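In what follows, a structure is listed as C-alpha cells, so that the remarks can point back to it.
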Amino acid sequence: MKNFYIPEDILKIVEKPGRYTGGELNSVVKDLSKVDVRMALCFADNYDIGMSHLGFKLLYQLLNERENVWCERVFAPWPDLEDQMRARGYHLFALESQQEIRNFDLIAFSLQYEMSYTNVLNMLDLAGVPLYTKDRGEQDPLVFAGGPSANNTEPMADFFDFYNLGEGEEMLPEIVETYQSCKKAGLSRTETLRKIAQIEGVYVPSFYTPVFDASGKQIRLDVKSEYADVAPARIRKRIVEDFETAYFPDKFVVPNVEVVHDRIMLEIFRGCIRGCRFCQAGFIYRPVRERSPERLIALADKLIASTGYEELSMLSLSTSDYTKLGELTDGLLDITVPQHVSLALPSLRIDSFSLDLMQKVSAVRKSGLTFAPEAGTQRLRDVINKGVQEEDLLRSCRLAFEGGWNNVKLYFMLGLPFETDEDVVGIAELAGKVLKVYDEVHYGRKARRPEITVSVSTFVPKPFTPFQWAPQIDIPEIRRRQDLIKRALNRRINFSWHDPETTVLEGAISRGDRRIGKVIYDVWKMGGRFDAWSDYMDYDRWMAAFGKNDLDATQFNQRAREIDEFLPWDHVDVGVTKNFLVREYERAARAEVTPNCRAKCSGCGAATYKRGICVD
Amino acid sequence: MTKYRLKYCKESGMRFISHLDLLKLFSRAARRCRLPLSYSHGFNPHPELVFNAPLPLGVTSEAEYVDLSLDEELLEGECFSLLASSLPEGIRPLSVRKLAPGEATVMKYVCACQYRLLVKVQGTTPDEFVTAIQTKLSKNEPILIMKKSKSGVKETDIRPLIRAFFEDLEIEQERLGFSCVTAAGNVMNLRPEVALAGLSQHVFGDAVQVDVEEIHKVRYYTEDGGSPD
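Quick mapping for you: the protein sequence lines, in order, are chains A and B. Sequence positions in the first sequence follow our numbering and run 156 to 771. Sequence positions in the second sequence follow our numbering and run 119 to 347.
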C-alpha cells in the first residue's frame, strides 16, 4: 500500500484528507534515478482552489513532458492540517512523491491574487526554506514566481530569487534547462542566478536597488553595478511564439475530491479586445490570440477521453468575442452530447445569437445567467470603457426571461474613478428596470419568483491599467456607498457585497513597492494566513504590521499618483505602453469610449509583439 | 437496459474520498472507457448507479458494490475489462455479474457484514480485554447503548446485532487485530467501531481506552449465508 507523508491518524481527523494523498488520475510519478531537476509547483491557496486553475494544471503537464524533469504539485495545507504538522514537526511536501520540498531544486509559485501572499510565506516556512532570499544558502532551492499578480514584482521582491514575467509555456522550459546546465556545471547560487537573469523575461530582484525620496516615494530602480552585465534595466514580458500551436495538454489531473471548478477547461483565446479600463487581465494578456475551432475540437475530444469529465467549459476573458463561436459550439456539441458531457459558455454577452447558442447548450443543462454591466449609469460605463448600453442589457434580459430563465445575476463595481452618488444609485435603478422587465414578460401569468441578484465588488486600482494612478476610496466611504445601494434597491432583489477591509488591503498591496514585503512578513509572523478567506483575514493585524513598519496604507491605496511619477512596476514592460495608459486615463476623465481592438487599433503598444489580432 | 453488478476494492488513498466523490469517479471512469452507461431523463440527467451503503472515510474494503445500468448489452467479461482499464488507482474491480431482471439491490439483500479491525488498547492488556468482553457477550444479556439513527439518538440493544466478535485474533503488545460480523443492511445496521466502543464501555467504563486504527470491510452476508456478488 502507498505510504503517505502525513500519517493516517492525522489524515483521519482533518477535513478532506483526499487533498493530501496524491495519486489522482493523470498525476505524474517518475523514477528518481532518471530525474535531473525536481520542481515544486506551488499554489498559495488550498487544493480546492489550486486544482481549479487552468494555468497551474497546464504548466504541470508541460514540465512533466520533459523526461528528466519531475514537476510536482504543492498546495497550502488547510489550517487544521497545518496545526498538526507544526505540532509534530512535519514539513511541506509534494503530492506525487509525498516527499519534503526543501530538498527540491526549484520552488515555483503561481501568484493569482495579492491576498495569498501570506500563504506564500507560510508555505516556505512550513517547507523549512528561509523566507528571505538573502538568508538562503547553497543547499536551498531557488524560489521563484509568475502569474498575473507577479507583474508587480516589488511587494514580494525580497522573498523570490527571481520572477518569470510572461507566459509560462514560453519561459519555463528555458528556465529549467538553464538551471539544469548550471547544476551540472556545479555553479554557485549567485552564478546560477546570473545565468537565469539573462533569460528574456526574467527579473532577479536582488540585482536591483529601489531608490526612494524623502517623502517615501520610489523614484528609480537601479541595477546594482556588479550585475549590470546580466540584469536588463527593463524586463519585457515574454509571450508564446504561436498561440495556435502552443502547448496545450491533452490530459489533466482529475481530482478525487471535489474542487471548485472541476471540469475540462478549454482556453479558446488569450487576451481581450475590449480594454475595460479597470481590468488588468485585459491589458497584461495582450495581444489577443485565438485558437482555431479545429484545434479546440480535437483537444476537447482527447480531453474527454483522458479525463472522463462530465463538463467542458470554454475559457477566455469574453466568450462572445471569439470570432467563430457558432462553428466552435456546434463542433463541440457534436462530441459532447452523445457522451453526456455538458458544455458551458461562461462570460457570454447576451444577445439573440448567444441565447440561441445557450438554448442548444442547455439541451444538457440550464444554469443561471450573469451579466456584468459593472456600472449603474451610461456615463460611468463610458468612463470605464464598458461598451454595454442599457437598452442592450434590458433587451438581453427580456430575451432570457422569455426563454424561461428566472435566475439572473448582475455584477457591478463600486468606487470606480469619477463615480458620483448618482452612479451608485444607478446600480439599484438599473436592477429595478431588470425586475420590471421580468414582471412585464410574466404579466398576467403565474410565474416563478424572479431570482435577481445584484453583486457589488469594490474597485481596486491595478498596475498596468489606465486607472493605475487613481485613488481608491476608504472604508467608511465604501460602506456609505454600499448603503446607498441597499436603501435604493427593490426588496425583491438580492444584494451581495464584498467586505471593504479585504478590498482596501488588496489595494495597498497591489500598487505597493518593496517596503510592503516587511508588512506581509509581519502579518504572517503574527499568524496571518489564508487572508483571501474572510474567516481568516484580520484587518487589525494588517494595520498593526503597517504601523510597525512606519508605513501608511493610505499612501498605497488612497493616494492619487502624479502622471509623471515613477511607478514601482515601471521596470516591467507588458507591451502596453505608459503613454497609451495615460491617454486612456484622460479619455476616461472625459467619459470617452475607445473602440475595441477588432474595430480599430488604438496603438496600445502590444503590436510590437507582432502576434494575433495585431497582425491578422 | 441491462444491469450489471461490479464488485470492487476501495483501498489506498481512495479510502479518503466521500460517497459523493465516488459517484463522479465512476461516471468519469465509464466515460473514459466508453462504457455505455444509461442516463436518467429529465432536467438534470445523471447516470444510473446504485451503490451499497457509503463507507465511512478512512475505511478500506474488498467488498464494495455498484449496480450499473447500460444502454447496450455487453458480455460480463467485456464490461469488467473496460472498467479495469479505466478505474483509477485505489479502486480495483474484482468481478462483474449481469443481474437478473428485477433483482434486488445490494442493500436489500444483505443482513450482516464482516470487518477486520486493528485497535490499540490502553488501561488493560489485550488478553484481558478480549476475555472480559467475550464473557459479557456469552451471557446474552441486553447491551444498551445510545445509538445514532435516522430518527435521532436513541437507546438500542446492540447484542442481537453482533453476530461474531474477536475472531481470528492477533495480539502484538498493546495492539489487537480481529474479525467481527455485525448487522448490516437497510433494516438494522451496526458499525464495528460503535459495537467495540459500546462493549468496552459496558465492561470497563472509562478505565480502558480503545483507539481504532484500521477498519477493513471483508464481506457482506445474505440471509442464507451467501454474498451479493
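Positions of the beta carbon are idealized from the N, C-alpha and C atoms, including for glycine. Keep in mind the model is a prediction, meaning the values are calculated, not measured.
The contact set of A/Lys-167 on chain B, defined by CB atoms closer than 8 Å, consists of Leu-175 and Gly-176 in chain order. By the criterion of a C-beta distance shorter than 8 Å, A/Leu-470 is surrounded in its chain by Leu-209, Met-420, Leu-421, Glu-422, Ile-423 and Pro-501, once the five residues flanking it on both sides are discounted. A/Gln-294 counts as exposed, since fewer than 16 other C-beta atoms from the protein chains shown sit within 10 angstroms of its C-beta.
Using a CB distance cut-off of 8 Å, B/Pro-163 counts as an interface residue toward chain A.
Remark: C-beta atoms of A/Leu-261 and A/Val-357 do not approach each other more closely than 8 Å. Judged by DSSP secondary structure, B/Cys-298 falls within the beta strand (DSSP E) whose first and last residues are 293-301.
When the beta-carbon positions are compared, A/Leu-247 and A/Leu-281 come within less than 8 Å of each other. Contact check between the region 394-410 of chain A and the region 450-462 of chain A: three or more CB pairs, one atom from each, fall below 8 Å, which counts as touching. A/Asn-562: member of the beta strand (DSSP E) spanning 562-569, first to last residue. Three or more Cβ pairs drawn from the region 313-324 of chain A and the region 285-301 of chain A lie within less than 8 Å of each other, which places the two stretches in contact. CA-to-CA, the gap between A/Gln-623 and A/Arg-534 works out to about 20 Å. Unbroken beta strand (DSSP E) runs of no fewer than 3 residues, entirely contained in the region 185-216 of chain B, are found at 209-216, following chain order. Under the three-pair Cβ rule at 8 Å, the region 722-739 of chain A does not count as touching the region 689-700 of chain A. Between the alpha carbons of A/Thr-575 and A/Val-538 lies a gap of roughly 12 Å.
As the crow flies, the alpha-carbon of A/Ala-643 is around 38 Å from that of A/Phe-735. Where B/Ala-148 is concerned, the enclosing alpha helix (DSSP H) starts and stops at 137-150.
Along the region 193-214 of chain B, going in chain order, the ones with a CB nearer than 7 Å to a CB of chain A are Pro-206, Glu-207 and Gly-208. Of the candidates A/Asn-274, A/Ala-305 and A/Phe-259, the residue whose Cα lies closest to the Cα of A/Gln-435 is A/Ala-305. Neighbours of A/Pro-172 in chain B, taken as residues whose beta carbon is under 8 Å from its own, are Phe-134, Leu-175 and Gly-176 in chain order.
In the three-state reduction of the DSSP assignment, B/His-320 falls in the helix class.
Contact check for A/Phe-438 against A/Leu-571 fails: the beta carbons are separated by 8 Å or more. By the neighbour-count definition (other C-beta atoms within 10 Å, threshold 16), A/Pro-528 is a buried residue. Bridge partners of B/Met-264 according to DSSP: B/Glu-273. Just so you know, the alpha carbons of A/Ala-744 and A/Leu-480 end up roughly 34 Å apart. In the three-state reduction of the DSSP assignment, A/Arg-193 falls in the strand class, which pools E and B.
For the pair of segments examined, the region 662-676 of chain A was found to touch the region 704-715 of chain A: the number of CB pairs separated by less than 8 Å reaches three. DSSP places A/Gly-205 in the helix class (H, G or I) of the three-state scheme.
Residue contact with chain B for A/Val-183: absent (no Cβ-Cβ distance below 8 Å to any residue of chain B). Taking the Cα positions, A/Ala-386 is about 10 Å away from A/Ile-354.
For B/Met-132, the secondary structure class from DSSP, reduced to helix, strand or coil, is helix.
Around the beta carbon of B/Pro-278, fewer than 16 other beta carbons lie within 10 angstroms, which makes this residue exposed. Distances from the CA of A/Val-359 to each of A/Arg-349, A/Ile-330 and A/Phe-367 were compared; the closest alpha carbon is that of A/Arg-349.
DSSP places A/Asp-377 in the strand class (E or B) of the three-state scheme. Taking a C-beta distance under 8 Å as the contact criterion, B/Leu-200 and B/Cys-151 qualify as a contact pair. Taking 8 Å as the cut-off, the beta carbon of A/Glu-661 is found no closer than this to the beta carbon of A/Val-611.
Identification of chain A residues near B/Ala-147 by a Cβ-Cβ cut-off of 9 Å yields Leu-180 and Gly-463, ordered along the chain.
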